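Encoded as structure tokens, the structure appears first; notes follow it.
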Amino acid sequence: MLTLTDIKDLLVKGEHLTLECKRCENKLPNSLWDTYSAFANSNGGYILLGIEEDRTESDPNKRFSIQGVANPDKLIIDFWNLANDPNKVNVNLLTDNDVQVIALDDKQIIVIHVPRADYHQRPVFINNNPLHGAYRRNHEGDYHCSDAELRMMLRDINESGNDDMLLDGYSMDDIDIQTLNSYRNHFKSGTPDHPFNNLSNEEFLRQFGCLGKDNQTGKEWLTMAGLLMFGKGLPIRTRFSNLRLDYIDKSHLVGEMRYSDRLTYDGTWENNLFNFVMFVLPRLVHELPHPFQMEGLQRKDDTLQDKAIREAMTNAIIHADLMIIGVLKVEKYDDKFVFTNPGLLKLPVEQIYAGGESRARNLHIQTLFRMIGFGENIGSGFPLILSAWGEKHWLRPELIEQPELLQVKLTLSIESKKDDGLVEKLVEKLVERAKVNGDDLSERRIAILRLIIENPKISISKMAEQLQVSSTSIDKHLEYLRKRYIRRVGGDKGGHWEIVR
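Shown next, in the form of structure tokens:
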């Protein structure tokens, strides 16, 4: 339940990914249900009925006008009747505590909290029409889900994942035996007494769900997991033309160099997932700090940070939606690693950070990697990454969804944390300066200054993601802050922000 203070804090931030204000006097606005669907299919949010927003007004004290609702009790009854009508909305996610009436400026408004729908419940749609009645939230608006988004949400309902799908026409002839032998050598090295070591290649693949039989025709075909993990490059590119694997090393650049190393399809390797991981991982961990440690008479080079990198790369694959158009990309910079995979998160970000649960899309591929020591126990992978980065006092790993691109990005910075106390002291000084000068340093502008202090290289798009507003909104605030508080040194690429002392 929200308090009056909570409402005022939300209004200071303005409409964004998780807040929508609607004028509502005597009847519920039709657009209410668009937003209900959008919040449910995204990250949840609050709908405030009885408040109108003027988006041309930058001053938060003037941007919102409290209109109030004339008969809140009647409107709430109308709302519940429609929320429970399957012809209006396919699933009611709300409980009694999610709808309340609050007095604001001597007027009454209705507050509706819409939670994020579980992946079993998505897509949430209205008017009995999943094709045209399913919405997602994008910055400050609701938009129709694309066909790709709808298909992704429908696939996610399947608990057995995506990668057990039989690929009609793809057989053992499409397996790269050299890749499979390499995997089996890793498997045997880690589990020398495992009974699978004595199996034929065909039976080995069957045991891992990489080869299956069509019950109708009796023919045996590779599954999605089998082809993508161990397949030859040409069959993979033919069947999964939507997917691209890409590694780019942008560290140690000199002059006009765009990258110092790159691995993408060039005809010199079979571009399956196993080869991609085995080629890329050594390049990532090579320059991580490796203190001298001995285990018996052998040097021990595998650190917690090495394990975290393996976990990050494995996660990017097993949680990816490999059936949509996208790039499974790994980028290496002087100060960070970035892992990007197609698809959106099945679980809320907070739940992933907390650990304890995992909902991989590619369960057979997950098992294959775990059997050779890649990937932690279910639900413990991301906490391991957090622990590894915390051990080195590096910046907290950042996991974000990018719904407009249908992808997820994990950034692992290898820069030390800023002293939070020093950051807040500098922010306080800037706020004091604003009071003396009579400047309009709103909460949003203070938040932007804090981001710049913490990371002078932060981009406008990154600010927009973290503050959950549009890039246009960030641009407007930066234009104001440049007058007295910040300056840009260098260009958009390679430049940085400085606080004007």
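The numbering of the sequence shown is my numbering, which starts it at 71 and goes up by one.
Using N, Cα and C, we set each Cβ at its ideal position, and we do this for glycine too.
Predicted model, so just to flag it, every value in this text is computed and none were measured.
So residue i packs on residue j, CB below 8 Å; how close in whole Å?
{"i": "residue 431", "j": "residue 389", "result": "6 Å"}
{"i": "residue 196", "j": "residue 159", "result": "5 Å"}
{"i": "residue 121", "j": "residue 137", "result": "7 Å"}
{"i": "residue 435", "j": "residue 233", "result": "5 Å"}
{"i": "residue 493", "j": "residue 523", "result": "5 Å"}
{"i": "residue 419", "j": "residue 209", "result": "The Cβ separation is near 17 Å, so there is no contact."}
Give the single residue among the options whose Cα lies nearest to the Cα of residue i.
{"i": "residue 187", "options": "293, 455 and 107", "result": "107"}
{"i": "residue 220", "options": "211, 200 and 234", "result": "200"}
{"i": "residue 101", "options": "469, 211 and 453", "result": "211"}
{"i": "residue 164", "options": "151, 175 and 418", "result": "151"}
{"i": "residue 307", "options": "322, 134 and 240", "result": "240"}
{"i": "residue 184", "options": "134, 111 and 236", "result": "111"}
{"i": "residue 262", "options": "82, 497 and 441", "result": "441"}
{"i": "residue 222", "options": "452, 247 and 190", "result": "190"}
{"i": "residue 350", "options": "93, 316 and 265", "result": "316"}
{"i": "residue 406", "options": "482, 450 and 428", "result": "482"}
{"i": "residue 238", "options": "251, 285, 273 and 249", "result": "285"}
{"i": "residue 387", "options": "149, 299, 401 and 335", "result": "299"}
{"i": "residue 504", "options": "553, 96, 109 and 269", "result": "553"}
{"i": "residue 561", "options": "570, 94 and 526", "result": "526"}
Residue i: buried (16+ other C-beta within 10 angstroms of its C-beta) or exposed?
{"i": "residue 458", "result": "buried"}
{"i": "residue 473", "result": "buried"}
{"i": "residue 205", "result": "buried"}
{"i": "residue 156", "result": "exposed"}
{"i": "residue 375", "result": "buried"}
{"i": "residue 367", "result": "Note on residue 367: pLDDT 49, under 50, position unreliable in the model; the coordinate value appears next. Exposed, because fewer than 16 other Cβ atoms sit within 10 Å of the Cβ of residue 367."}
{"i": "residue 535", "result": "buried"}
{"i": "residue 543", "result": "buried"}
{"i": "residue 559", "result": "exposed"}
{"i": "residue 345", "result": "buried"}
{"i": "residue 369", "result": "Confidence is the limiting factor: at residue 369 the pLDDT is only 48, short of 50, which leaves the residue's position unreliable, though a coordinate-based value still follows. So residue 369 ends up on the exposed side."}
{"i": "residue 359", "result": "exposed"}
{"i": "residue 175", "result": "exposed"}
{"i": "residue 74", "result": "exposed"}
{"i": "residue 224", "result": "exposed"}
{"i": "residue 113", "result": "buried"}
Please name the residue or residues paired with residue i in a DSSP beta bridge.
{"i": "residue 106", "result": "DSSP lists no partner for residue 106."}
{"i": "residue 173", "result": "178"}
{"i": "residue 208", "result": "211"}
{"i": "residue 332", "result": "318"}
{"i": "residue 470", "result": "479"}
{"i": "residue 119", "result": "92 and 180"}
{"i": "residue 397", "result": "314"}
{"i": "residue 542", "result": "Answer by DSSP bridge pairing: none, since residue 542 is not bridged."}
{"i": "residue 410", "result": "399 and 479"}
{"i": "residue 86", "result": "89"}
{"i": "residue 258", "result": "None, per the DSSP bridge assignment."}
{"i": "residue 282", "result": "291"}
{"i": "residue 558", "result": "567"}
Please indicate yes or no: does the CB of residue i lie closer than 6 Å to some heavy atom of the ligand SAM?
{"i": "residue 80", "result": "This structure lacks the ligand SAM, and indeed carries no ligand of any kind."}
Would you say the segment 141-150 touches the segment 228-238, given that touching needs at least three Cβ pairs under 8 Å?
-> no
Report yes or no: do three or more beta-carbon pairs, one from the segment 391-401 and one from the segment 252-268, lie closer than 8 Å?
-> no
On the three-pair Cβ rule with 8 Å, is the segment 340-359 touching the segment 266-280?
-> no
Indicate whether the contact test is met: 3 or more Cβ pairs, each with one atom in the segment 464-479 and one in the segment 410-417, closer than 8 Å.
-> yes
Counting pairs of beta carbons, one from the segment 318-337 and one from the segment 287-297, are three or more of them closer than 8 Å?
-> no
Below 8 Å, can you find three or more Cβ-Cβ pairs linking the segment 544-558 to the segment 522-533?
-> yes
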